[in-house]
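Q: For reference, the structure I am asking about is given below.
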Amino acid sequence: MTVWNLDPVLLAGLGVLAWACHARATRPGAAWAGFALAVLVFVSPLCNLTSALFSARVLHHVLLTAAIAPLLVRGFGLERFAIGGGLAAAGVHAVLMWLWHMPGAYAWGLGSVPGYWLMQATLLLSALWLWSVILGRAGGAALGAAAASFIQMGMLGAVIVFASVPLYGAHLLTTAPWGLTALEDQQLAGLLMWVPAAGPYMAAILWQVMVLLREDEPAAGHA
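The number in the numbering used here is simply the position in the sequence shown, starting from 1, with 727 added.
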């Protein structure tokens with residue numbers, strides 16, 4: 728599939744984001760990186776490939792929630808506006824990730840224009856909330872949010888990898904041209920969610936641990 732998605736409403740939305748990157752970003756490099764990935768997932772042939780391969784759809788979701796979201800949070804300084812508790816943000820995002828990867832909800836999101844955009848909006852907005860907490864706070868709340876997200880992504884990926892039958896009817900007849908059975912495509916999707924998707928959350932965990940250790944050093948020096 729080499730078809731680019733040139734939907735005018737989508738392009739207008741990306742145009743607004745490009746203007747914001749130019750005029751409103753507090754860290755332009757991060758903002759423009761998020762914009763570039765948004766073009767990749769929504770405009771490039773990857774977008775059309777997600778109709779055929781569940782693994783491409785999962786890659787789309789991983790990039791949206793674990794790469795684009797933190798880049799936009801950093802790029803526009805959204806961590807300054809973090810609200811609520813870390814576990815609340817992680818919990819809401821986890822519920823939405825699991826919900827949209829249930830076969831029925833996934834089929835509706837794939838086959839319906841309102842469902843598709845509701846899926847994209849809820850995943851992105853919940854991820855922006857989650858990453859605003861992870862990147863905007865130090866200590867237990869942010870560490871807990873990152874750790875909970877790391878665990879739930881791994882669990883969801885494992886469920887998909889080890890399912891013994893294809894779960895997503897929309898892809899039963901669409902994977903063969905790409906040299907994959909529906910079950911192999913599903914297993915690849917689970918691996919993407921289980922391993923690469925965990926990377927940003929693991930990096931956030933390590934960063935938060937380093938922050939906590941640096942905070943403890945002065946106290947240890949005065950002991």
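The C-beta atom is built at its ideal place from N, Cα and C for all residues, glycine as well.
Would Leu-919 and Leu-870 be called neighbours here (beta carbons separated by less than 9 Å)?
A: Not closer than 9 Å, so no.
Q: If distances are taken between C-alpha atoms only, which option among Leu-823, Gly-917, Trp-934 comes closest to Ser-782?
A: When only C-alpha atoms are compared, the closest one is Gly-917.
Q: In chain order, what are the residue ranges of uninterrupted alpha helix (DSSP H) at least 4 long that sit wholly in the stretch 788–862?
A: Listed in chain order, they are 796–802, 813–827, 830–838.
Q: Taking the CB atoms as reference points, tell me whether Ala-873 and Ala-821 lie closer together than 9 Å.
A: Cβ atoms of Ala-873 and Ala-821: not closer than 9 Å.
Q: For the alpha helix (DSSP H) that contains Val-736, what are its first and last residues?
A: Segment 735–750, the alpha helix (DSSP H) holding Val-736.
Q: May I have the straight-line CA-CA distance separating Glu-806 from Ser-778, to the nearest angstrom?
A: Rounded to the nearest angstrom, the two C-alpha atoms are 34 Å apart.
Q: Tell me the start and end of each unbroken alpha helix (DSSP H) in the stretch 891–950 that is at least 4 residues and wholly inside, in chain order.
A: With a minimum length of 4 residues, the continuous alpha helix (DSSP H) runs that stay inside the stretch 891–950 are 909–921, 925–949.
Q: So the candidates are Gly-863, Ala-854, Arg-801, Leu-780; which of them puts its Cα closest to the Cα of Tyr-833?
A: The shortest C-alpha separation from Tyr-833 is found at Leu-780.
Q: Can you check whether the CB of Gly-802 is closer than 9 Å to the CB of Gly-756?
A: Yes, these two residues count as a Cβ contact at 9 Å.
Q: Roughly how many angstroms separate the alpha carbons of Ala-897 and Asp-912, rounded to a whole number?
A: Rounded to whole angstroms, Ala-897 to Asp-912 spans 12 Å at the Cα level.
Q: Can you find a heavy atom of the ligand GDP that lies under 8 Å from the Cβ of Ala-821?
A: What this structure holds is no ligand at all, so the ligand GDP is not there to describe.
Q: Do you know offhand how far Leu-764's Cα is from Ile-795's?
A: Rounded to the nearest angstrom, the two C-alpha atoms are 6 Å apart.
Q: Shortest alpha-carbon distance to Ala-931 belongs to which of Thr-908, Pro-830, Val-892, Leu-862?
A: Ala-931 has its Cα closest to that of Leu-862, out of Thr-908, Pro-830, Val-892, Leu-862.
Q: Ala-760 lies in the alpha helix (DSSP H); which residues open and close that run?
A: Run containing Ala-760: 755–769, per the alpha helix (DSSP H) assignment.
Q: Are the beta-carbon atoms belonging to Ser-771 and Ala-809 less than 9 Å from one another?
A: Cβ atoms of Ser-771 and Ala-809: not closer than 9 Å.
Q: Going along the chain, which residues of its own chain have a beta-carbon closer than 6 Å to the beta-carbon of Pro-797, five neighbours each way excluded?
A: So the list reads Trp-858, once near-sequence residues are dropped.
Q: Throw me the rounded Cβ distance for the Leu-737 and Phe-769 pair, which I believe falls under 8 Å.
A: With a Cβ gap of about 6 Å, Leu-737 and Phe-769 count as contacting.
Q: Going straight from the alpha carbon of Leu-900 to that of Ile-878, what length do you get?
A: If I take the Cα positions, the gap works out to 32 Å.
Q: According to DSSP, is Gly-866 part of a helix, a strand, or is it coil?
A: Note: Gly-866 maps to coil in three-state DSSP.
Q: For Leu-915, collect the residues of the same chain with a Cβ closer than 6 Å to its Cβ; drop the 5 residues on either side in sequence, then sort them by chain order.
A: These residues qualify, in order along the chain: Ser-782.
Q: When you compare the CB of Ala-760 with every CB in chain B, is at least one pair closer than 9 Å?
A: This model lacks chain B altogether, as it is built from one protein chain only.
Q: Is the beta carbon of Ala-747 less than 9 Å from the beta carbon of Ala-758?
A: The answer is yes: Cβ separation under 9 Å.
Q: Is the beta carbon of Met-824 closer than 9 Å to that of Leu-799?
A: Not a contact, by the Cβ cut-off of 9 Å.
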